[in-house]
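What follows is a short report on a single structure.
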Amino acid sequence: MKDLEFRRYPIGQFKYGQRYTLEDTRSHIKTLEDFPKKLKKTLKKLRSGSLDLTYRAGGWTVRQIVHHLADSHMNAYIRLKLAVTENLPTIKPYEEQLWAKTDDGEKAPVRMSLKIIAALHTRLTYFLSSLTEDDLERAYFHPGTQKTVSVQEALALYAWHSLHHLAHIRLVIDDIDSADKATKAGRFKVEEDTKASSKSGSKAKAEAPAAEVKAPAKRGPKPKAKAEAPAAEKPKRRGPSPEVLEKARAVRMANLAAKKAAEGKAEAPAAEVKAPAKRGPKPKAKVAAPAAETPKRRGPSPEVLEKARAVRMANLAAKKAAEGKAEAPAAEVKTPAKRGPKPKAKAEAPVAEKPKRRGPSPEVLEKARAVRMANLAAKKAAEGKAEAPAAEVKAPAKRGPKAKAKVEAPAAEVKAPAKRGPKPKSKADAPATEKPKRRGPGPEALEKARAVRMANLAAKKAAEGKAEAPAAAKAPAKRGPKPKA
Numbered sequence: 000m001k002d003l004e005f006r007r008y009p010i011g012q013f014k015y016g017q018r019y020t021l022e023d024t025r026s027h028i029k030t031l032e033d034f035p036k037k038l039k040k041t042l043k044k045l046r047s048g049s050l051d052l053t054y055r056a057g058g059w060t061v062r063q064i065v066h067h068l069a070d071s072h073m074n075a076y077i078r079l080k081l082a083v084t085e086n087l088p089t090i091k092p093y094e095e096q097l098w099a100k101t102d103d104g105e106k107a108p109v110r111m112s113l114k115i116i117a118a119l120h121t122r123l124t125y126f127l128s129s130l131t132e133d134d135l136e137r138a139y140f141h142p143g144t145q146k147t148v149s150v151q152e153a154l155a156l157y158a159w160h161s162l163h164h165l166a167h168i169r170l171v172i173d174d175i176d177s178a179d180k181a182t183k184a185g186r187f188k189v190e191e192d193t194k195a196s197s198k199s200g201s202k203a204k205a206e207a208p209a210a211e212v213k214a215p216a217k218r219g220p221k222p223k224a225k226a227e228a229p230a231a232e233k234p235k236r237r238g239p240s241p242e243v244l245e246k247a248r249a250v251r252m253a254n255l256a257a258k259k260a261a262e263g264k265a266e267a268p269a270a271e272v273k274a275p276a277k278r279g280p281k282p283k284a285k286v287a288a289p290a291a292e293t294p295k296r297r298g299p300s301p302e303v304l305e306k307a308r309a310v311r312m313a314n315l316a317a318k319k320a321a322e323g324k325a326e327a328p329a330a331e332v333k334t335p336a337k338r339g340p341k342p343k344a345k346a347e348a349p350v351a352e353k354p355k356r357r358g359p360s361p362e363v364l365e366k367a368r369a370v371r372m373a374n375l376a377a378k379k380a381a382e383g384k385a386e387a388p389a390a391e392v393k394a395p396a397k398r399g400p401k402a403k404a405k406v407e408a409p410a411a412e413v414k415a416p417a418k419r420g421p422k423p424k425s426k427a428d429a430p431a432t433e434k435p436k437r438r439g440p441g442p443e444a445l446e447k448a449r450a451v452r453m454a455n456l457a458a459k460k461a462a463e464g465k466a467e468a469p470a471a472a473k474a475p476a477k478r479g480p481k482p483k484a
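What follows is the structure, given as structure tokens:
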């Protein structure tokens with residue numbers, strides 16, 4: 000009965016209602032901070048397959064204990080947070096036994112909960128180290144036990160809880176060690192008894208004379224055949240044999256050497272690697288000659304990239320040549336092979352191709368400019384400012400209406416029409432008697448317009464070389480009433 004109580008509570012039961020000092024609280028926080036490392040170190044002492052052993056009959060397995068610690072301390076973190084941030088909150092209990100019997104509690108790998116415990120205790124320690132004395136006096140209400148638990152008391156409870164289940168795992172380790180010691184002691188006793196019996200038997204054989212008749216053996220159960228020569232029998236070994244382990248090690252070393260050789264770090268010592276015999280996994284064919292194997296390259300090959308680059312450079316050169324910036328180095332551009340997009344026909348000979356010009360051609364612009372200059376010269380000649388250089392004005396070619404060869408106007412004396420707008424009245428030309436108003440343009444305006452047309456026609460003919468402008472010709476007299484004497 001005492002042994003059962005000890006196995007249930009190896010460090011004793013927790014006592015509620017005690018008072019704790021600040022020094023005690025710091026010690027409890029330190030226990031919670033160091034617990035993940037202690038738990039991991041203790042679990043390393045267990046053998047493979049020992050996680051499903053129990054510390055007592057009807058108790059939890061080591062696997063269930065580790066998962067229970069993660070469940071319990073997650074609830075503890077939430078309870079402490081509620082107590083500090085709310086005024087005496089009522090916490091939510093949970094069914095520990097049912098949580099431990101779920102699939103993740105009974106079958107999940109312990110490393111999952113070890114990661115949770117390590118991160119959770121780091122966060123919990125950080126939170127607890129920032130609490131003030133007033134925060135430590137705050138509390139929560141547990142509806143299951145009907146108790147009000149302060150933050151200081153809760154810290155003492157979960158520090159005890161950590162060490163309580165850690166002691167359970169150590170009980171399992173002690174049980175395994177005790178079983179091993181008992182097995183070794185029993186084997187040693189059997190070996191000693193066998194040696195003693197073999198010595199006594201050899202003595203009896205040495206003392207018995209050859210001629211002496213052997214007494215009949217005693218009746219009873221015959222000893223087993225194994226007892227006659229136990230010294231030659233080897234104890235059974237658990238796990239793989241040394242040969243299998245050696246072969247597995249050779250395979251691992253071969254794979255490691257092949258990996259390093261593939262990475263270029265070292266050559267695979269193929270002559271020194273011993274291949275495993277029939278037992279164990281056979282090495283793959285790649286291990287035999289890893290040095291010759293080149294790693295696969297993802298993406299297009301260097302040749303394809305070079306060809307694509309040549310096409311881009313050819314297109315760029317053609318574009319620059321079309322814009323007049325630079326000539327395309329046609330001799331230096333390498334055309335791509337079969338793979339990749341084929342360059343367009345324009346990229347092969349970009350120099351000969353001229354860019355399309357929008358708008359009128361240079362010839363049309365030059366002809367239009369010649370016409371403007373002729374009009375300007377005729378206007379200046381008409382105003383008497385300068386003589387129109389009829390021989391130097393180039394008229395446009397075919398385009399435009401052909402001039403009629405009716406009258407040749409002297410280009411030098413023709414007056415250009417005046418500016419648009421109200422014309423100033425000439426005092427000198429005003430008749431003495433008022434004439435009736437005439438509708439439409441006056442004779443003077445018509446005469447001037449005709450003179451301009453004739454001047455343009457003459458300039459055009461002179462530019463074409465058909466007729467020379469008679470500079471000395473007299474301008475026609477003005478129509479209208481003759482001046483009075």
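In this text, residue positions in the sequence shown follow numbering that gives the first Met the number 0: the first is 0, and each later residue adds one. Just so it is clear, CB atoms sit at the ideal spot from N, CA and C, and this is done for glycine as well.
Euclidean distance between Cα positions of residue i and residue j
i      : j      : result
Lys246 : Leu45  : 26 Å
Leu68  : Met111 : 12 Å
Ser71  : Ala249 : 46 Å
His27  : Ile77  : 18 Å
Leu456 : Val370 : 11 Å
Ala450 : Ala381 : 9 Å
Ala118 : Glu302 : 52 Å
Gln145 : Leu21  : 26 Å
Asn254 : Glu262 : 12 Å
Thr131 : Asp103 : 38 Å
Met372 : Glu446 : 22 Å
Glu365 : Gly298 : 58 Å
Val243 : Arg251 : 12 Å
Glu95  : Lys258 : 49 Å
Asp179 : Ala75  : 38 Å
Ala309 : Ala316 : 11 Å
Gln17  : Gly57  : 31 Å
Glu191 : Lys29  : 51 Å
Asn314 : Pro359 : 29 Å
Ala461 : Leu375 : 16 Å
Leu81  : Asp176 : 44 Å
Pro442 : Ala448 : 10 Å
Lys37  : Ile168 : 11 Å
Lys379 : Met453 : 15 Å
Lys319 : Arg368 : 31 Å
Ala256 : Gly185 : 45 Å
Arg25  : Thr147 : 21 Å
Ala307 : Pro361 : 39 Å
Glu183 : Met73  : Checking the sequence shown, residue 183 turns out to be Lys, not Glu. If I take the Cα positions, the gap works out to 43 Å.
C-beta atoms of residue i and residue j nearer than 8 Å
i      : j      : result
Tyr19  : Gln151 : yes
Phe13  : Leu156 : yes
Pro241 : Ile116 : no
Val83  : Asp23  : no
Leu113 : Val61  : no
Trp59  : Ala99  : yes
Tyr139 : Leu97  : no
Glu4   : Gln63  : no
Supposed contact pair residue j and residue i - C-beta distance, whole angstroms, cut 8 Å
i      : j      : result
Ala377 : Ala444 : Contact doesn't hold; Cβ gap of about 17 Å is too wide.
Arg137 : Ser129 : About 14 Å; that fails the 8 Å criterion.
Val109 : Leu52  : Going by Cβ atoms, the distance from Val109 to Leu52 rounds to 13 Å, so no, they are not a contact pair.
Proximal residues to residue i (C-beta, below 8 Å), its chain only, five neighbours per side dropped
i      : result
Leu31  : His120, Leu123, Thr124, Leu127, Leu154, Tyr157, Ala158 and Ser161
Pro142 : Thr89, Ile90 and Pro92
Thr101 : none
Same chain only: Cβ atoms within 7 Å of residue i, ignoring 5 sequence neighbours per side
i      : result
Ile10  : Leu162, His163 and Ala166
Arg6   : Tyr54, Arg55 and Leu170
Gly439 : none
Leu79  : Val150 and Ala153
Nonlocal neighbours in the same chain, by C-beta distance under 6 Å from residue i, ignoring five residues either side
i      : result
Ala484 : Low per-residue confidence applies at Ala484: pLDDT is 41, beneath 50, and the placement is therefore not dependable, though the value from the model is reported in the following sentence. Same-chain partners within the cutoff: there are none.
Ala431 : Unreliable placement is indicated for Ala431, whose pLDDT of 48 sits below 50; the coordinate value is still reported in the next sentence. Counting only Cβ-Cβ distances below 6 Å, and skipping sequence neighbours, we find nothing.
Min CB distance residue i to chain E below 8 Å
i      : result
Lys459 : Looking for chain E here will not work: only one protein chain is present.
message: Count Cβ pairs between the stretch 36 to 45 and the stretch 170 to 177 that sit closer than 8 Å; are there 3 or more?
response: Output reads yes: the stretch 170 to 177 touches the stretch 36 to 45.
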